[in-house]
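Peer 1:
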Amino acid sequence: MHGNGNDFILVDEFHSEVIPEERKSSWAQKVCRRRFSVGADGVIFLLPSETADVRMRLFNSDGSEAEMCGNGIRCLAKYAVEKGYASPPEISVETLAGVMKIRCRERNGRFFAKVRMGVPKFRCEEIPAICEGDFYEQNISGFRVHAVNTGVPHAVIFVEDVESIDVERVAPEIRHHPSFPKGANVNFVEIRGDSLVVRTFERGVEAETLSCGTGATASAAVARRLKLIENDEITVFTRGGELIISFEGDEAYMEGPAETAFKGEIEEW
62 MHGNGNDFIL
72 VDEFHSEVIP
82 EERKSSWAQK
92 VCRRRFSVGA
102 DGVIFLLPSE
112 TADVRMRLFN
122 SDGSEAEMCG
132 NGIRCLAKYA
142 VEKGYASPPE
152 ISVETLAGVM
162 KIRCRERNGR
172 FFAKVRMGVP
182 KFRCEEIPAI
192 CEGDFYEQNI
202 SGFRVHAVNT
212 GVPHAVIFVE
222 DVESIDVERV
232 APEIRHHPSF
242 PKGANVNFVE
252 IRGDSLVVRT
262 FERGVEAETL
272 SCGTGATASA
282 AVARRLKLIE
292 NDEITVFTRG
302 GELIISFEGD
312 EAYMEGPAET
322 AFKGEIEEW
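Going by this note's numbering, the sequence shown opens with residue 62, and the numbers climb by one from there.
(1) For the stretch 293-305 and the stretch 245-263, state whether three or more C-beta atom pairs, one from each stretch, are separated by less than 8 angstroms.
(2) Out of A208, E167, F183 and D311, which has the shortest C-alpha to C-alpha gap to N246?
(3) My parser needs the beta strand (DSSP E) runs of 3 or more residues fully inside the stretch 105-179; what are they?
(4) Quick one: grab the DSSP three-state call for E328.
(5) Say whether the stretch 272-279 touches the stretch 109-119, bearing in mind that this needs 3 or more beta-carbon pairs closer than 8 angstroms, one atom from each stretch.
(6) So which of G159, P81, P181 and E74 has the shortest CA-CA distance to R286?
(7) Thinking C-beta only, is S153 closer than 7 angstroms to F120?
(8) Three or more beta-carbon pairs under 8 angstroms between the stretch 230-243 and the stretch 87-97, yes or no?
(9) Have a look at G131 and P214 and give me their C-alpha separation to the nearest angstrom.
(10) Span of the beta strand (DSSP E) holding A299?
(11) Any idea what DSSP makes of T270, helix, strand or coil?
(12) At a cut of 8 angstroms, does the stretch 265-273 reach the stretch 186-204 through at least three beta carbon pairs?
(13) Can the beta-carbon of T211 be found closer than 7 angstroms to that of M178?
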């Protein structure tokens, strides 16, 4: 499944465990290897929940477990609704970042999900980041870097021409900067009118991905915080497609599609 090209292998463990707990991380690493296996940015495990309709666990392609994933949770929502594990229009998903509320709908035959992302966290201890005060702002590798947590930590850098950035070369130093004790996803953002164009280097994937839902939300939140854009609804263009980031009071919402690419069975190896 994928959300704007950010692709995942979804494993249904709602009724029973498929991959043993001690193997989930290594299995994700193995099955996500492109050209050598199925290939994906991560593996989503769908499980039952005591506090929500379903529970999501997501392992990145490097085997690390992520707190949340904006594109991944839309994929899980689509699958959960289709299987009858949750009933639209609003469903709930338990994640390591908390219980997320999702509004589901169809438009022109496509599934769309609007995820309640919560209030973006700017305080240094909430990102987490080593800094002082209510807002992270540092110069790293010649870039002015801001940071926010939208379920996972994100560094946000505004640039004049996002297509000119060599993301794979410059992002790793920011992603591993010592001011981010848990690391950070890195977003390069160009403002075009009232819209944003975003390219994201994802922590755990350790590469640029076609789209990142939490990254789009982070970019919009920082743009509003800096008053670079003041709209309550912002279109964010990623290499994989469009996302709509909206704000209701202090809370952020992220809306976009989810698609099923194919279904199949994997023999153990």
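Here a beta-carbon is modelled for each residue, glycine too, at the ideal position from N, C-alpha and C.
Peer 2: Taking the structure as given:
(1) yes
(2) Residue mapping note: residue 246 aligns to position 185 of the sequence shown, counting from 1. Measuring from the Cα of N246, the nearest candidate turns out to be A208.
(3) Listed in chain order, the complete beta strand (DSSP E) runs (minimum 3 residues) inside the stretch 105-179 are 115-121, 151-156, 159-168 and 171-179.
(4) If you number the sequence shown from 1, residue 328 lands on position 267. Coil.
(5) no
(6) Translated into positions along the sequence shown, residue 286 becomes position 225. Selected option, being the one with the closest Cα: P181.
(7) If you number the sequence shown from 1, residue 120 lands on position 59. If you number the sequence shown from 1, residue 153 lands on position 92. No. Outside cutoff.
(8) As far as the Cβ criterion goes, the stretch 230-243 does not touch the stretch 87-97, which means the pair count is below three.
(9) Here residue 131 is taken as the residue at index 70 of the sequence shown, counted from 1. Here residue 214 is taken as the residue at index 153 of the sequence shown, counted from 1. Between G131 and P214, the C-alpha separation is close to 13 angstroms.
(10) Walking along the sequence shown from the start, residue 299 turns up at place 238. The identity of residue 299 in the sequence shown is Thr, whereas the question assumes Ala. It spans E294 to T299 - the beta strand (DSSP E) in which T299 sits, taken as one unbroken run.
(11) Residue 270 sits at position 209 when you count from the first residue of the sequence shown. Reduced to three states, the DSSP call for T270 is strand.
(12) No, they do not touch.
(13) Taking the sequence shown and counting its residues from 1, the one referred to as residue 211 is at position 150. Taking the sequence shown and counting its residues from 1, the one referred to as residue 178 is at position 117. In contact: T211 and M178 (Cβ atoms closer than 7 angstroms).
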